[in-house]
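Taking it in order: structure first as structure tokens, then the write-up.
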Amino acid sequence: MGQPVFVCGCPRSGTTLVQLMLHAHARIAIPPETRFVLEAYRARRAFGDLRESGARRALARWIVDRPETRFADLGLSAEETIEEITAGPPTLGSALAIPLQGYAQRFGKSRWGDKRPAYVTNLPALARLFPDALFVHVIRDGRDCVASLKQMPWHRTGIYQAISAWAQAVDHGRWAARVLGPGAYHEIRYERLVTNVGPELAALCRFLHEEYDPAMTDPAALATLAVPDRKSWHARTRSAIGPDRIGRWRSILEPWEAGLCEAVLGGRLRSLGYPLTGAPPPPAVHRLRYERVAARHRLAPLRRLAIRGHDRLPLTTPLAYRPCD
28 MGQPVFVCGC
38 PRSGTTLVQL
48 MLHAHARIAI
58 PPETRFVLEA
68 YRARRAFGDL
78 RESGARRALA
88 RWIVDRPETR
98 FADLGLSAEE
108 TIEEITAGPP
118 TLGSALAIPL
128 QGYAQRFGKS
138 RWGDKRPAYV
148 TNLPALARLF
158 PDALFVHVIR
168 DGRDCVASLK
178 QMPWHRTGIY
188 QAISAWAQAV
198 DHGRWAARVL
208 GPGAYHEIRY
218 ERLVTNVGPE
228 LAALCRFLHE
238 EYDPAMTDPA
248 ALATLAVPDR
258 KSWHARTRSA
268 IGPDRIGRWR
278 SILEPWEAGL
288 CEAVLGGRLR
298 SLGYPLTGAP
308 PPPAVHRLRY
318 ERVAARHRLA
328 PLRRLAIRGH
338 DRLPLTTPLA
348 YRPCD
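In terms of our numbering, the sequence shown has 122 at position 95, counting the first letter as 1, and numbering is strictly consecutive.
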């Protein structure tokens, strides 16, 4: 069915827009955001030896029965999916691929994938699960991402966490560019995409080894189908593509917030071609609070590894995805 495609990026960077554009392609299906790939990887030892059909069935039940996985958004038969996973190849990647492949088949598509902003900080795990995967990283001006996150009803961790999230996404993208290389990793700048949509999508299709499909330029036609209604913050996806969201941070961020963004993200912003405005630096207290949050953010993966030391033990069950016969 072709190499799987994973879309990632800092939240509010345009990943849903790219999901819809890819889903509009005649051969590609990218579903609404799911919540089972990373969670299953982190809990992989709890499922036992997937060479045993009973273990695969238990994993399948874990995927389809828990509301947290958002399996229901795929519009697939739970029982049919369980049987396919149980009868499928004995690897975690293969089991996780089956619902995503089922979603593609539902639309008559031959390419499958997934979209989730958090994938950008978990690319090594995805590469272990899906060794031939292609990764699309959407990057937007960090100040606009922070401003948009500030307005989201589900973002409750504050401005410092929002700034740190963008920095982490950029840093992980730099790792991917260096380690995965241009054959597996592709960056899309949000600002270029919404102002020069045709050429940007043509470049994306070349990366994916697909013919360009003009239908990709009208993602709003699919928004009601591929974006759940409960996600009111994605209402913009139902409108025509345009540059009106570029630079909105100027009217949303307070002066000290804009100054903090430029003070701590300045090097990254400049390296990506986003000019700084010379905003006055924020009061020192805000810089200190940000540094504390960013340090916790950077150390979080190490803490998880320390707490879950069993992850370092050998794993008998293979992880890598295998196509079904």
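Cβ atoms here follow ideal geometry from the backbone N, Cα and C, with glycine treated the same way.
For E238, write down the residues that DSSP places opposite it in a beta bridge. For this step, residue 238 is matched to residue 211 along the sequence shown. Looking at the DSSP assignment, E238 forms no beta bridge with any residue, so it has no partner.
Alpha carbon to alpha carbon, how far is R323 from I57? The sequence position of residue 323 within the sequence shown is 296, counting from 1. The sequence position of residue 57 within the sequence shown is 30, counting from 1. The straight-line gap from Cα to Cα measures roughly 32 Å.
Do you know how far the Cα of L44 is from the Cα of H261? As a working mapping, residue 261 is identified with position 234 in the sequence shown. As a working mapping, residue 44 is identified with position 17 in the sequence shown. The predicted model places H261 with a pLDDT of 48, which falls under 50 and marks its position as unreliable, so this point remains unresolved.
Rounded to the nearest angstrom, what separates L296 and A87 at their Cα positions? Counted from its first residue, the sequence shown places residue 296 at position 269. Counted from its first residue, the sequence shown places residue 87 at position 60. Spanning the two alpha carbons is a distance of roughly 42 Å.
Tell me, to the nearest whole angstrom, how far the beta carbon of A174 is from that of I279; I am working on the premise that it is less than 8 Å. Numbered from 1 along the sequence shown, position 147 holds the residue referred to as residue 174. Numbered from 1 along the sequence shown, position 252 holds the residue referred to as residue 279. Right, their Cβ atoms sit about 4 Å apart.
Just how far apart, CA to CA, sit A82 and R155? Position 55 of the sequence shown, counted from the start, is the residue given in the question as residue 82. Position 128 of the sequence shown, counted from the start, is the residue given in the question as residue 155. When rounded, the distance between both Cα atoms is 20 Å.
Would a C-beta distance cut-off of 8 Å place T148 and Q188 closer than the cut-off? Reading the sequence shown from its first residue, position 121 is the one you call residue 148. Reading the sequence shown from its first residue, position 161 is the one you call residue 188. It is not a contact, given that the beta carbons lie outside the stated cut-off.
Could you give the distance in angstroms between the alpha-carbon of I334 and the alpha-carbon of R71? Mapped onto the sequence shown, residue 334 falls at position 307. Mapped onto the sequence shown, residue 71 falls at position 44. With a pLDDT of 46 at I334, under the threshold of 50, the predicted position of this residue should be treated as unreliable, though the coordinate-derived value follows. Roughly 15 Å between the two C-alpha positions.
Based on the DSSP output, what are the partners of V32 in its beta bridges? Residue mapping note: residue 32 aligns to position 5 of the sequence shown, counting from 1. G140 and L161, per the DSSP bridge assignment.
Cβ-based neighbour list, L228, same chain, cut-off 7 Å, excluding 5 preceding and 5 following: For the purposes of this step, residue 228 is taken as the residue at position 201 of the sequence shown. Correct list, in chain order: M48, Y239, M243 and T244.
Whole-angstrom Cβ separation of G286 and P307, contact assumed at under 8 Å? As a first step, residue 286 must be located in the sequence shown, where it is residue number 259. As a first step, residue 307 must be located in the sequence shown, where it is residue number 280. Contact holds; Cβ gap of about 5 Å.
State the CB to CB distance for the pair Q46 and A160, rounded to an integer number of angstroms; the pair is presumed to be in contact (CB under 8 Å). Working through the sequence shown from its first residue, we reach residue 46 at position 19. Working through the sequence shown from its first residue, we reach residue 160 at position 133. Going by Cβ atoms, the distance from Q46 to A160 rounds to 15 Å, so no, they are not a contact pair.
So F162 and C35 are in contact, right, with Cβ under 8 Å, and what is the actual spacing, rounded? Taking the first residue of the sequence shown as 1, we reach residue 162 at position 135. Taking the first residue of the sequence shown as 1, we reach residue 35 at position 8. With a Cβ gap of about 7 Å, F162 and C35 count as contacting.
Are S191 and A311 closer than 8 Å when you measure CB to CB? Position 164 of the sequence shown, counted from the start, is the residue given in the question as residue 191. Position 284 of the sequence shown, counted from the start, is the residue given in the question as residue 311. Going by C-beta atoms, S191 is not nearer than 8 Å to A311.
Does E60 pass the burial test, meaning 16 or more other C-beta atoms within 10 Å, or should it be called exposed? As a first step, residue 60 is located in the sequence shown; it is residue number 33 there, counting from the start. Buried.
When you compare the CB positions of G140 and V224, do they come within less than 8 Å of one another, or not? Here residue 140 corresponds to residue number 113 of the sequence shown, with the count starting at 1. Here residue 224 corresponds to residue number 197 of the sequence shown, with the count starting at 1. Contact: no.
What do you get for I76, buried or exposed, if any count of 16 or more other CB atoms within 10 angstroms of its CB means buried? Residue numbering aside, residue 76 sits at position 49 when the sequence shown is read from its first letter. Correcting the residue identity first, residue 76 is Asp in this sequence and not Ile. Per the 10 Å Cβ criterion, exposed.
DSSP puts H213 in a beta bridge; with which residues? Locating residue 213 in the sequence shown gives position 186, where the first residue counts as 1. Partner(s): V163.
Buried or exposed for G102, going by 16 or more other Cβ atoms inside 10 Å? Numbered from its first residue, the sequence shown carries residue 102 at position 75. Classification of G102: exposed, given that the 10 Å Cβ count is below 16.
A247 in three-state terms, based on DSSP: To locate residue 247, count along the sequence shown from 1; it is residue 220. In this structure, A247 counts as helix in the three-state DSSP scheme.
Residue from R93, R325 and R316 with nearest C-alpha to H199: One-based indexing of the sequence shown puts residue 199 at position 172. The residue with the shortest Cα to Cα distance from H199 is R325.
Bridge-paired residues (DSSP) for I55: Walking along the sequence shown from the start, residue 55 turns up at place 28. DSSP output for I55 lists R138 as bridge partner(s).
Please list the terminal residues of the continuous alpha helix (DSSP H) segment that includes W89. The residue given as residue 89 occupies position 62 in the sequence shown. S80 to D92 is the extent of the alpha helix (DSSP H) around W89.
Suppose contacts are defined by Cβ-Cβ distances below 8 Å. Is D168 in contact with Y348 by that definition? As a working note, residue 168 is residue 141 in the sequence shown. As a working note, residue 348 is residue 321 in the sequence shown. It is not a contact, given that the beta carbons lie outside the stated cut-off.
Is the beta carbon of S40 less than 8 Å from the beta carbon of I166? Locating residue 40 in the sequence shown gives position 13, counting from the first residue. Locating residue 166 in the sequence shown gives position 139, counting from the first residue. Taking 8 Å as the Cβ cut-off, S40 and I166 qualify as a contacting pair.
By the DSSP assignment, the alpha helix (DSSP H) with R69 in it spans what residues? For the purposes of this step, residue 69 is taken as residue 42 along the sequence shown, with counting starting at 1. First-last of the alpha helix (DSSP H) with R69: V64 to R69.
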